[in-house]
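Letter by letter, the sequence shown follows residues 38 to 479 in my numbering. To start, the structure itself, in structure tokens.
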Amino acid sequence: MMANTNAADPNSWQYWTNVHANYCPHRTPYFLAWHRGYLYYLEQQMRRVSGDPSLTLPYWDWYTNPHIPSEFTDKATGNPLYCPRVNTNVYGALDLSPFSSSVVNFQRGTANSFEEAFENAPHNPVHDIIGNSMATMQSPRDPIFYLHHANVDRLWHAWALPDGRTMPAPTSSYWAGTFTYAPGLTINKEQTYSNRSRLGYDYANTARPVALPPQAQRGRIIRVQAQIPPIKTRPPVASFAASPARSIANGRRSIGGVKAVVLREHSVSARVVAEASSVKPLQDMLSATADIYDAAARNLPNAASKGNGKSSQYKSIKIVLDDISLTSAGAAGGYFYNIYLNLPDGVDIDEVRAKHFIGTLGPFEVAAAAHHGMMMIDFPATAAMLKTGAGNGREYAISLVRVDGGAAPKGDVMTVGELRVELTTEAPFIISPSAPQTGGAY
Ligand SMILES: [Cu+2]
38 MMANTNAADP NSWQYWTNVH ANYCPHRTPY FLAWHRGYLY YLEQQMRRVS
88 GDPSLTLPYW DWYTNPHIPS EFTDKATGNP LYCPRVNTNV YGALDLSPFS
138 SSVVNFQRGT ANSFEEAFEN APHNPVHDII GNSMATMQSP RDPIFYLHHA
188 NVDRLWHAWA LPDGRTMPAP TSSYWAGTFT YAPGLTINKE QTYSNRSRLG
238 YDYANTARPV ALPPQAQRGR IIRVQAQIPP IKTRPPVASF AASPARSIAN
288 GRRSIGGVKA VVLREHSVSA RVVAEASSVK PLQDMLSATA DIYDAAARNL
338 PNAASKGNGK SSQYKSIKIV LDDISLTSAG AAGGYFYNIY LNLPDGVDID
388 EVRAKHFIGT LGPFEVAAAA HHGMMMIDFP ATAAMLKTGA GNGREYAISL
438 VRVDGGAAPK GDVMTVGELR VELTTEAPFI ISPSAPQTGG AY
């Protein structure tokens, strides 16, 4: 397939790379389901091309072995599985938090969403740390992409067992419609509800991960995030110039921000002072949202009726990174940042992650956002505001904590034109998560 250079031919490797570059959803609903159908069709194509109807895509279980399998790193001439990478070891990307007991909902947009948490980490950082093609939307050029995503698919299956957990039932309107991979190549969304009952394949190991590999532990029983050594200090606040509070668009107001944030190999915090007039609308929004969040976080029915009698001009708060540009070293990857809101000082960040974590930022996240038409990434922050109580004050510390692979660039990697805090009229949580499935159809 790699020898075939006609990208219009489904028998070529580039054809399937273009499928990803043209159609993949990231940071939007159906991230997991779209990629499941993608793997399914690639495997079918490989069976046709090879003439082997039992050919099976393997998975790479980075929780067990964070080193890329040696078949993919062997530089022997003509090895089609080899390509240059910044790192071949991803222990810095590993994170067990999507499997914590609080992650009870499936859908993106619900409180404690598995899909959202798992895409953020470890999925994105694996792309970032490996780097090169893997840090771009052309990531399937690197054959390790498919083994990474087969593992992502396996871990979704493991999370959802035994009954689909809180995924929308197959009859839900959530599964109406189709995914497109290429002109004439589509799948009914409902087919991607379960690999086992819909697509007829299964995994040898369907256990949820419970521990990180030894390289990522270093003397601790279970590290939540594989940073070595534990970071116990909030990164220093840099003196970025303030950007003015203002209306950004209809229903979006920046209540404060900073300009020209240059990211390098060091972790950094930005101090944002919100405009005084934001205090009341922010308080109104948080008080109208608190019990909706509590109900949604526990996947309770009738969450929509919560928040009765409270109204607010805005519905959610976001941390927005706008006008992002990568340097060439930054675009190649080998690193990423964990973003946190109001980290306390002097504690192990891993211990307080669940409360303060906002999302991950690296070249892959930037490439995915740029691909969807903007150099802007917005991170939902309503849940973190509620959990940390940050909304009680007007000063926010937004920390970008750098995590490096064994090889990582020094110096400037990324510039963020503006980092700001926005009140928006967009709903923060899906108010009525679809009813959990209860049958054995999964
Ligand atoms: Cu991916």
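We treat Cβ as the ideally placed atom computed from N, Cα and C, and that holds for glycine.
Under 6 Å, CB to nearest heavy atom of ligand 1: contacting residues: 160, 164 and 186
Closest Cα partner of residue 481 within the set 452, 182, 150 and 424: The requested residue 481 is not part of the displayed model; the chain covers only 38 to 479.
Expected contact under 8 Å - CB spacing of residue 88 and residue 228 to nearest Å: Between residue 228 and residue 88 the Cβ distance is about 25 Å, and since that is not below 8 Å, they are no contact.
For residue 269, the nearest candidate out of 391, 438, 39 and 84 (CA to CA): 438
Cross-strand partners of residue 282 (DSSP beta bridge): The partner list for residue 282 (beta bridge, DSSP) is empty, contrary to what the question assumes.
As assigned by DSSP and simplified to three states, the class of residue 451: Residue state, collapsed to three classes: strand.
Start-end ranges of the alpha helix (DSSP H) lying completely within the stretch 395-448, minimum 4 residues: 400-408 and 419-425
Residue range of the unbroken beta strand (DSSP E) whose run includes residue 310: 305-310
Residue range of the unbroken beta strand (DSSP E) whose run includes residue 192: Counting along the chain, residue 192 falls outside any beta strand (DSSP E), though it belongs to the alpha helix (DSSP H) covering 181-197.
Residue 55 in three-state terms, based on DSSP: helix
Supposed contact pair residue 131 and residue 106 - C-beta distance, whole angstroms, cut 8 Å: Actually they do not touch by this definition, with Cβ atoms about 16 Å apart.
Whole-Å CB distance - residue 60 paired with residue 230, under 8 Å assumed: Residue 60 to residue 230, Cβ: 19 Å. No contact.
Terminal residues of the beta strand (DSSP E) in which residue 362 lies: 353-363
Integer-rounded CB distance, given that residue 291 should sit under 8 Å from residue 458: 7 Å
Every unbroken beta strand (DSSP E) within the stretch 102-126, with a cutoff of 3 residues, ordered by chain: none
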